[in-house]
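Engineer:
Spelled out as structure tokens, the structure:
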């Protein structure tokens, strides 16, 4: 009996040591997770504070709001009369992003439906890996594709003098946005309970009827979030649009017109603008504008996802 009690006492002490060690491990992991989560918020706030600090001098100084948003003339380096109008830049960004979404939305939704509803086993896994590999291609590589492959192809196909414009950059940007949209859309389709499919099939619905009448309506919030995130990717893309759009300040009237995007303007001119000048601060004001747009888009996507979770 004493031996048994002594052995039991040793076991209890060992259990307490393990429990104490596990407590410290759990505490350390909890702290790391908290730091990792809060760091994203701190970084976003830091970026916003930085661009606001650099651009606020232009916003409350020489900036004229009406001219800034309605003038198509962007001439910040003019010696006689510098002009800071971003209407043509906004039109270029909107036209490229709009065309990209016309290409990416049907492509990504079709790929998500095939992967989530038709592909099985090794084919599904292989397709998911390929989609993720497409998302990992650097934007500068897509820009080279638009510059060296799409440019001569558009010139030859449509008999236009130059192939760098809305069509070229819209196609490239659509191909860039499609992988992330496909991944999010496929996750949204996967989140639809199998009971919905089984109930529809029990009532005699065909596979396509189940998809169009049951699965897609049930996943509409997640699909809308995927589209909005794709739009955000389109507004925020820089290098590929800079290389494939022609980088010319125009109000586009055709898909073959060369345009300039807001992000491409910042990337091309910030390195040459004197620090603290009106040109420098105007570029940061564009950054504030882009930050606000992408924040609203991502907030809307989050609201759609949360509303789908509550349903």
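In my numbering, the protein residues as written are 181 to 491. Where a beta carbon is used, it is the ideal one built from N, C-alpha and C, also for glycine.
Examine the Cβ distances between the region 403-422 and the region 353-365 and report whether three or more of them are shorter than 8 Å.
Structural biologist: With the cut-off at 8 Å, the region 403-422 and the region 353-365 touch.
Engineer: Taking all protein chains shown into account, decide if residue 382 is buried (16 or more other Cβ within 10 angstroms of its Cβ) or exposed.
Structural biologist: Burial call: exposed.
Engineer: Following a CB-centred definition, is residue 394 positioned closer than 7 Å to any heavy atom of the ligand ATP?
Structural biologist: As for the ligand ATP, it is missing from this structure, which has no ligand bound.
Engineer: Quick one: any contact between the region 448-468 and the region 375-390, if contact means 3 or more CB pairs under 8 Å?
Structural biologist: The answer is no - the region 375-390 does not touch the region 448-468, with fewer than three Cβ pairs under 8 Å.
Engineer: Report yes if the CB atom of residue 410 is closer than 8 Å to the CB atom of residue 313, and no otherwise.
Structural biologist: No.
Engineer: Any idea if residue 454 is buried or exposed, counting beta-carbon neighbours within 10 angstroms, 16 or more meaning buried?
Structural biologist: Exposed is the call here.
Engineer: Identify which residue in 276, 246, 284 has its Cα closest to the Cα of residue 266.
Structural biologist: If we check each option's Cα against that of residue 266, 246 comes out closest.
Engineer: Looking only at its chain, what residues have a beta carbon closer than 7 Å to the beta carbon of residue 275, apart from the 5 residues adjacent to it on each side?
Structural biologist: Correct list, in chain order: 346, 432, 439.
Engineer: With residue 360 as the anchor, note down where its alpha helix (DSSP H) starts and where it stops.
Structural biologist: From DSSP, the alpha helix (DSSP H) with residue 360 extends over 346-370.
Engineer: Looking at the unbroken alpha helix (DSSP H) that takes in residue 383, where does it start and where does it end?
Structural biologist: Run containing residue 383: none; DSSP gives neither H nor E here.
Engineer: Sorted by chain position, which residues of the same chain lie with C-beta nearer than 8 Å to residue 425's C-beta, five sequence neighbours on each side aside?
Structural biologist: Closer than 8 Å at Cβ, skipping near neighbours: 272, 276, 344, 345, 346, 348, 349, 438, 439, 440, 441, 444.
Engineer: According to DSSP, is residue 255 helix, strand or coil?
Structural biologist: Note: residue 255 maps to strand in three-state DSSP.
Engineer: Tell me which residue opens and which closes the alpha helix (DSSP H) that residue 430 is part of.
Structural biologist: No alpha helix (DSSP H) holds residue 430; DSSP gives it neither H nor E.
Engineer: State the Cα-Cα distance for the pair residue 480 and residue 224, rounded to the nearest angstrom.
Structural biologist: Near 17 Å, if we compare the C-alpha coordinates of residue 224 and residue 480.
Engineer: Give the secondary structure of residue 439 by DSSP, where H, G and I count as helix, E and B as strand, and everything else as coil.
Structural biologist: It is a strand residue.
Engineer: Residue 241 and residue 468 look like a contact to me (Cβ under 8 Å); what is the Cβ gap, rounded to whole Å?
Structural biologist: Rounded, the Cβ-Cβ distance is 14 Å, inconsistent with contact.
Engineer: CB-CB under 8 Å to residue 243, same chain, minus the five flanking residues each way: which ones, in chain order?
Structural biologist: Hits under 8 Å: 264, 462, 465.
Engineer: Taking only the alpha-carbon atoms, compute the straight-line gap between residue 190 and residue 360 and give it to the nearest angstrom.
Structural biologist: Confidence in residue 190 is poor, its pLDDT being 48 and thus under 50, which makes the residue's placement unreliable; the coordinate value appears in the next sentence. The alpha-carbon atoms of residue 190 and residue 360 are separated by roughly 55 Å.
Engineer: Nearest-angstrom Cα distance between residue 304 and residue 289?
Structural biologist: Their Cα atoms are separated by approximately 15 Å.
Engineer: Taking buried to mean at least 16 other C-beta atoms within 10 Å of its own C-beta, is residue 322 buried or exposed?
Structural biologist: Classification of residue 322: buried, given that the 10 Å Cβ count is 16 or more.
Engineer: Suppose you measure from the CA of residue 333 to the CA of residue 206; what does that come to, to the nearest Å?
Structural biologist: For residue 333 and residue 206, the distance between alpha carbons rounds to 58 Å.
Engineer: How should residue 475 be labelled, buried or exposed, when 16 other C-beta atoms within 10 angstroms of its C-beta is the threshold for buried?
Structural biologist: Exposed, by the Cβ-count rule.
Engineer: Is residue 423 near residue 326, with beta carbons less than 8 Å apart?
Structural biologist: Against a cut-off of 8 Å, the Cβ pair of residue 326 and residue 423 comes out as a contact.
Engineer: Taking 8 Å as the threshold (C-beta atoms), are residue 399 and residue 372 in contact?
Structural biologist: In this structure, residue 399 lies closer than 8 Å to residue 372 by Cβ.
Engineer: Less than 8 Å separating the beta-carbons of residue 310 and residue 299?
Structural biologist: Not closer than 8 Å, so no.
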